[in-house]
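Residue numbers (my numbering): -17 to 134.
1) Tell me which same chain residues have a C-beta within less than 6 Å of the C-beta of residue 119, skipping the five on either side of it?
2) Could you pull the start and end residues of the alpha helix (DSSP H) that residue 28 belongs to?
3) Can you find the residues in the same chain that come closer than 6 Å, C-beta to C-beta, to residue 50, ignoring five residues on each side of it along the sequence?
4) Do residue 17 and residue 52 have their C-beta atoms closer together than 7 Å?
5) Would you tell me roughly how many angstroms separate the C-alpha atoms of residue 62 and residue 79, rounded to the nearest one?
6) Is residue 67 helix, strand or coil when you go by DSSP?
7) Please go through the same chain and pick out, in chain order, the residues whose beta-carbon is closer than 6 Å to the beta-carbon of residue 45, but skip the five residues on each side of it.
8) Looking only at C-alpha atoms, which of 125, 109, 90, 103 sits nearest to residue 0?
9) By DSSP, does residue -14 sit in helix, in strand, or in coil?
10) Exposed or buried, what is residue 26 when buried is set at 16 or more other beta-carbons lying within 10 Å of its beta-carbon?
11) Short check: CB of residue 56 to CB of residue 97, under 7 Å?
12) Please classify residue 19: is it buried, with 16 or more other beta-carbons within 10 angstroms of its beta-carbon, or exposed?
13) Expressed to the nearest angstrom, what Euclidean distance is found between the alpha-carbon atoms of residue 12 and residue 76?
14) Would residue 115 pass as a contact of residue 107 if the rule is Cβ separation under 7 Å?
15) Determine whether the beta carbon atoms of residue 105 and residue 15 lie at a separation below 7 Å.
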């Protein structure tokens, strides 16, 4: 089936009808924000993979699993952290330093903490309606994925 790619373009793919106040969103617990950010992050990558022409669920899943784990997300965190303004860096550091669970998946504790901070930042951008910033982030992420076949 041919996918009409126009449905998956533009920076408004993450419109939220009821935007949150930035301070209110930042006060949510890190893991709550990460829970929301995880969904937004994966949806953004899923849309990018569909837009790239991958058209079966199995192939979509196989192409995505290496990019939605703590190790891959920690690498993206390392790439974008220096580009954040001072206020965002403070928020992200707070989220990164939040208490981690005893079990944190296949990555290291440090990777999990950085991935949590990235997901929390994605949620904060989403909740506060910063669609253009989200769009640029996903351009960066998908550019890395398509250039290397993995998040490096």
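Here a beta-carbon is modelled for each residue, glycine too, at the ideal position from N, C-alpha and C. Predicted model, so just to flag it, every value in this text is computed and none were measured.
In brief:
1) none
2) 12 to 33
3) 24
4) no
5) 17 Å
6) coil
7) 31, 36
8) 109
9) The predicted position of residue -14 is uncertain, since its pLDDT is 43 and thus under 50; a value taken from the coordinates is nonetheless stated next. Looking at residue -14 - three-state DSSP - the assignment turns out to be coil, as it is neither helix nor strand.
10) buried
11) yes
12) buried
13) 8 Å
14) yes
15) yes
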